[in-house]
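In this text, residue positions in the sequence shown follow the working numbering: the first is 92, and each later residue adds one. Only one structure is covered here, and it is reproduced in the block below.
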Amino acid sequence: MNMCGAGRIVCCVDPVGEVYACPFVLAPEFSGGNVRDEGGFAGVWRESPLFEHLREWQVGGTCGTCNAYDVCHGGCMAVKHFTGRSVDSPDPDCVFGNDEGPAAAAGTFVPLSLGGKGKGKLSQISRG
Ligand code: SF4
Numbered sequence: 092m093n094m095c096g097a098g099r100i101v102c103c104v105d106p107v108g109e110v111y112a113c114p115f116v117l118a119p120e121f122s123g124g125n126v127r128d129e130g131g132f133a134g135v136w137r138e139s140p141l142f143e144h145l146r147e148w149q150v151g152g153t154c155g156t157c158n159a160y161d162v163c164h165g166g167c168m169a170v171k172h173f174t175g176r177s178v179d180s181p182d183p184d185c186v187f188g189n190d191e192g193p194a195a196a197a198g199t200f201v202p203l204s205l206g207g208k209g210k211g212k213l214s215q216i217s218r219g
């Protein structure tokens, strides 16, 4: 695997049934739903707006024009989120030193938002 598989080929179900895109992003913004919701796990995996978006999502900004994007895909979404970076910015450990640091402007810090309990959805993510 040479890219983040969050919501694409992996997920994590916590002890109360929340289905997160990745075991490293156990935060409400990254929950696609709950296995106890109508449709169960299959419904979350197949129809969650969050997971559907992650399967299409391309990192924008500097990463979007990086010639290493095909092998790096912008690095780790979890690391970026929990270090205060936009998931649309380069990974803090970018091998080219393109880390932009934590997002300075209020409102750009958290790129994902929860649309309702157990119904994670994305906002503010776009390529370029
Ligand atoms: S994290 Fe760095 S190496 Fe990876 S795609 Fe972004 S700019 Fe390129």
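Even glycine gets a Cβ: it sits at the ideal position worked out from N, Cα and C. Here the structure is a predicted model, which is why all the values come from computation and not from measurement.
- Query: So what's G219 in DSSP terms, helix, strand or just coil?
  - Reply: Because G219 sits at a pLDDT of 36, beneath the cut-off of 50, its placement in the model cannot be relied upon, and the following sentence gives the value as read from the coordinates. Coil at G219, not helix or strand.
- The beta strand (DSSP E) spanning G175 covers which residue range? First-last for G175: undefined, no H or E at that position.
- Query: Can you give the Cα-Cα distance for P193 and G165, rounded to whole angstroms?
  - Reply: 15 Å
- Message: Going by DSSP, what residue range makes up the alpha helix (DSSP H) through V162?
- Response: Y160 to C163
- Item | For G96 and C113, the rounded distance between their alpha carbons | 8 Å
- Segments assigned alpha helix (DSSP H), at least 4 residues, entirely inside the segment 114-156: 131-138, 140-147 and 152-155
- Should V135 be labelled buried (16 or more other beta-carbon atoms within 10 Å of its own) or exposed? buried
- Ordered along the chain, which non-local residues of its own chain (more than five positions away) have a Cβ less than 6 Å from that of K171? V178
- Task: Use the C-beta contact count for F187: other C-beta atoms within 10 angstroms, 16 or more gives buried, fewer gives exposed.
- Result: exposed
- Item | Bounding residues of the beta strand (DSSP E) (the contiguous stretch that carries E109) | E109 to Y111
- Item | Straight-line Cα distance separating V126 from D182 | 31 Å
- Query: Quick one: Cα of Q149 to Cα of V107, how far?
  - Reply: 30 Å
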